[in-house]
């Protein structure tokens, strides 16, 4: 069985995912980015996966930082990602997100 099969089983057995997918909530957008990040990770695209987790954390949900920290720590321990490279990805992606989201939030709120 593939990962997609297990995601299908979880989705079919619980109402949470279809329920939240029908609403425009930050959780839903963060879930899309986190799921895509894991897909990139499974394909071996660690930098892309890290960038997506940083975007999900900076733009939509700060509580994703716990997942970002634990996953990032795993990548560092397994040497999938170097420390300097991880800092560079986090800072550059985070600053890009802030540069885009702060003016938008200021305008909307």
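Residue numbers (my numbering): 248 to 356.
Ideal Cβ placement from N, Cα and C applies to all residues, glycine included.
Neighbourhood of residue 294 by C-beta distance below 7 Å, restricted to the same chain and skipping five residues each side: Only residues of its own chain outside the window of five on either side were considered, and among them 336 have a CB closer than 7 Å to the CB of residue 294, listed in chain order.
Beta-carbon separation (whole angstroms), residue 318 vs residue 300, contact threshold 8 Å: 7 Å
Candidates 282, 331, 303, of which the one nearest residue 341 by Cα: 303
Check whether residue 306 and residue 348 have beta carbons under 7 Å apart: Judged by their CB atoms, residue 306 and residue 348 are nearer to each other than the 7 Å cut-off.
Cα-Cα separation between residue 312 and residue 297, rounded to whole angstroms: 11 Å
Own chain, CB closer than 7 Å to residue 276, minus 5 neighbours either side, in chain order: 307
Minimum C-alpha distance to residue 286 - residue among 325, 315, 250, 352: Here the closest residue by C-alpha is 250.
Supposed contact pair residue 333 and residue 345 - C-beta distance, whole angstroms, cut 8 Å: No, residue 345 and residue 333 are not in contact; Cβ-Cβ is about 18 Å, not under 8 Å.
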